[in-house]
């Protein structure tokens, strides 16, 4: 039962974040790149302001899987880095926190790019 | 002679077909929610399998898994079909970011590995990396300046 | 020249036509009117650009075989497509021993090439000219929009670039169908910024060309059996009807749009309909040509329409103007 409730929370938070994205797409005709950047920056701001951790505690993966969680990760990394190792940490903290994601995306894109061909729609 | 024709712009705003709000919102909601639940399932699985890993490592592993799945689906030409149905539901999650890196890589392979695949890999998602890393550096510097506020 | 309308008095005739289309177009309602279709739109090539060039070569080769002419019998080829620097038509023509002039007017290119060819033949120095245009969904999509595999939703206004080639052989003596006059359009900009909303970008240009054609030729809607725009799409055609009614002209049942005719709009999920340089050229050279040959249609006005933009111009905040040229055919 508890697990079910957790997944319901994940579903609701993740779904709502995407739903808001859809409303923005429908009303402003922005492209996916702008949506991604907008959400990312929102995540950075909310994390820096100390708000995002409440959303994360409630929504779990629902708050970390959307790109807004990627932004909050970046900000959290930069904050922790700055507090632990000063100016160098401030510069490297963000990218260190998302290093796994960026490395994975580049590596897999490279491999798939080599192997796959674009399909006709 | 070619001033914007306000009356015409108003006419097309009224007459041209619009996105179906409720339908697309519903689709974005349930697909986005489902992708997040899949992420949660991997998080739970990795926590169970590798009890020695910390929360951050499990999260990183989950991200890598989702990116891997997206890369494969994009390579097989499936992810864009999901995207056509889901809209923001498959753009906003990290999988959407992965798709926007993998798809230009696949598309531009024909212009060569170096100048096609590699050079164009971030032609769609580049701004995400640039804004993300730049803003994190700004945040880091703000923290240095106002250490007190962040508990340092 | 009155109202940008030119009459070709000494005679310009269609000797024959050729069309090749992709699988989706062949499955559409006009499928049986096209000469040839391919089942794989990559045609075994390494890229869709190479496939488009291959299609274009086969169409012209087929037209030459069909009419029994050799390369040397043709004085000129006026061709175009949508690829950067019209490289598709240019690379096509390296396969032929025919003089070549490349043209670009976006999706109105076919009309541009017909009008140029007709004027040259009418002028007396040219005997036989081939006009052709090609487009390919996969090449246009990546050039004007996004990578094919990107999971983006297409807006309800979007249109589907037709994959195919249409080629027309014109000469000064032989043929049942005659090009008797044409109206050259102006670039018309009403300030539309959404490059996906091509119908809205091009409808004002179509109206202006249509009105100056009626004025310049002293004809009206009743004169024609069919008035056919290039690729305004379903919503764009509705817009043109409205715009014409503003000026007191009812287009009525005779008005059709190539983009709407080419596909089963809903079943084939093509948004507002077909588009692309091959849209008007394949529908005209396939469907309309055959209807005119069997006498079902006697007077047809074809108005290919083009939206003038590039990825760069839209990113730099430019509006998307339209252009339309009208060509009149009679049996």
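Protein chains in written order, with my numbering: chain A, 1036 to 1156; chain B, 11 to 162; chain C, 701 to 1031.
Glycine residues also receive a C-beta, built at the ideal position from the N, C-alpha and C atoms.
Buried versus exposed call for residue i [16 or more other C-beta atoms within 10 Å across all chains shown]
i: residue 1044 of chain A; result: buried
i: residue 758 of chain C; result: buried
i: residue 62 of chain B; result: exposed
i: residue 1071 of chain A; result: buried
i: residue 950 of chain C; result: exposed
i: residue 1084 of chain A; result: exposed
i: residue 814 of chain C; result: buried
i: residue 972 of chain C; result: buried
i: residue 996 of chain C; result: exposed
i: residue 1057 of chain A; result: buried
i: residue 116 of chain B; result: buried
i: residue 751 of chain C; result: buried
i: residue 901 of chain C; result: buried
i: residue 1021 of chain C; result: buried
i: residue 672 of chain C; result: No answer is possible for residue 672 of chain C: it lies beyond the span of chain C, which begins at 701 and ends at 1031.
i: residue 838 of chain C; result: buried
i: residue 781 of chain C; result: buried
i: residue 967 of chain C; result: exposed
Residues that residue i contacts on chain C, provided the C-beta gap is smaller than 7 Å
i: residue 35 of chain B; result: Within 7 Å Cβ-Cβ: nothing; residue 35 of chain B doesn't reach chain C, min ~12 Å.
Spatial distance of residue i from residue j (CA atoms)
i: residue 860 of chain C; j: residue 1128 of chain A; result: 46 Å
i: residue 868 of chain C; j: residue 1138 of chain A; result: 53 Å
i: residue 701 of chain C; j: residue 135 of chain B; result: 52 Å
i: residue 956 of chain C; j: residue 983 of chain C; result: 11 Å
i: residue 917 of chain C; j: residue 880 of chain C; result: 10 Å
i: residue 107 of chain B; j: residue 28 of chain B; result: 26 Å
i: residue 56 of chain B; j: residue 77 of chain B; result: 16 Å
i: residue 109 of chain B; j: residue 54 of chain B; result: 24 Å
i: residue 1048 of chain A; j: residue 1061 of chain A; result: 20 Å
i: residue 729 of chain C; j: residue 960 of chain C; result: 10 Å
i: residue 1050 of chain A; j: residue 1096 of chain A; result: 11 Å
i: residue 821 of chain C; j: residue 1054 of chain A; result: 60 Å
i: residue 964 of chain C; j: residue 725 of chain C; result: 9 Å
i: residue 899 of chain C; j: residue 30 of chain B; result: 19 Å
i: residue 1031 of chain C; j: residue 992 of chain C; result: 7 Å
i: residue 129 of chain B; j: residue 746 of chain C; result: 20 Å
i: residue 800 of chain C; j: residue 114 of chain B; result: 34 Å
i: residue 15 of chain B; j: residue 1023 of chain C; result: 16 Å
i: residue 143 of chain B; j: residue 1079 of chain A; result: 10 Å
For residue i: DSSP bridge partner residues
i: residue 859 of chain C; result: C/971
i: residue 955 of chain C; result: C/927
i: residue 1064 of chain A; result: For residue 1064 of chain A, which the question treats as bridged, DSSP gives no partner whatsoever.
i: residue 807 of chain C; result: C/805
i: residue 716 of chain C; result: C/869
i: residue 829 of chain C; result: C/776, C/870
i: residue 705 of chain C; result: C/702, C/883
i: residue 751 of chain C; result: DSSP, once it has assigned bridges, lists no residue as partnering residue 751 of chain C.
i: residue 878 of chain C; result: C/713, C/1030
i: residue 103 of chain B; result: A/1101
i: residue 895 of chain C; result: DSSP output for residue 895 of chain C lists no bridge partner at all.
i: residue 1023 of chain C; result: C/1006
i: residue 820 of chain C; result: Answer is none; residue 820 of chain C lacks a bridge partner.
i: residue 864 of chain C; result: C/721, C/835
i: residue 737 of chain C; result: C/721
i: residue 1001 of chain C; result: C/927, C/1028
Amino acids of chain B, ordered along the chain, whose beta-carbon sits closer than 8 Å to that of residue i
i: residue 846 of chain C; result: 113, 134
i: residue 1067 of chain A; result: 101, 106, 110, 134
i: residue 1039 of chain A; result: Correct list: empty, because the minimum Cβ distance to chain B is about 11 Å.
i: residue 1145 of chain A; result: 115, 127, 128, 131
Chain-ordered chain B contacts of residue i [CB-CB under 7 Å]
i: residue 852 of chain C; result: 93
i: residue 1089 of chain A; result: By Cβ distance, chain B contributes nothing, its closest Cβ being about 16 Å from residue 1089 of chain A, past 7 Å.
i: residue 1075 of chain A; result: 138, 141, 142
Within chain C, partners of residue i - CB distance below 8 Å
i: residue 97 of chain B; result: 853
i: residue 1154 of chain A; result: 848, 849
Within chain C, the residues that residue i reaches when beta carbons sit closer than 9 Å
i: residue 84 of chain B; result: 849, 850, 851
Chain-ordered neighbours of residue i on chain A, where CB pairs are closer than 8 Å
i: residue 163 of chain B; result: Outside the displayed span of chain B (11 to 162) sits residue 163 of chain B, for which this structure offers no information.
7 Å Cβ cut-off: residues of chain A touching residue i
i: residue 894 of chain C; result: 1064
Within chain A, the residues that residue i reaches when beta carbons sit closer than 9 Å
i: residue 57 of chain B; result: The premise fails here: residue 57 of chain B is roughly 11 Å from chain A at the closest Cβ pair, so nothing lies under 9 Å.
* To do: Could you tell me whether the segment 873-888 of chain C touches the segment 786-794 of chain C, using the rule of 3 or more Cβ pairs below 8 Å?
  => no
* **Segment contact, 8 Å Cβ cut-off, at least three pairs: the segment 141-153 of chain B with the segment 933-950 of chain C** => No, they do not touch.
* **Any 3 or more C-beta pairs closer than 8 Å across the segment 1096-1112 of chain A and the segment 43-50 of chain B** => yes
* To do: Could you say if the segment 89-104 of chain B and the segment 1117-1133 of chain A meet the contact criterion of at least three C-beta pairs nearer than 8 Å?
  => Counting C-beta pairs closer than 8 Å gives fewer than three between the segment 89-104 of chain B and the segment 1117-1133 of chain A, which falls short of the contact rule.
* At least three beta-carbon pairs within less than 8 Å, the segment 93-108 of chain B to the segment 846-854 of chain C -> yes
* **Inter-stretch contact (C-beta, 8 Å, three-pair minimum) for the segment 803-821 of chain C and the segment 1001-1013 of chain C** => With a cut-off of 8 Å, the segment 1001-1013 of chain C and the segment 803-821 of chain C count as touching, because enough Cβ pairs lie within range.
* Between the segment 884-896 of chain C and the segment 1145-1154 of chain A, do at least 3 Cβ pairs fall closer than 8 Å? -> no
* To do: Check whether the segment 713-727 of chain C touches the segment 754-773 of chain C, counting contact only when three or more Cβ pairs, one atom from each stretch, lie closer than 8 Å.
  => yes
* Asked: Are there three or more Cβ pairs, one per stretch, closer than 8 Å when the segment 706-713 of chain C is compared with the segment 1139-1149 of chain A?
  -> no
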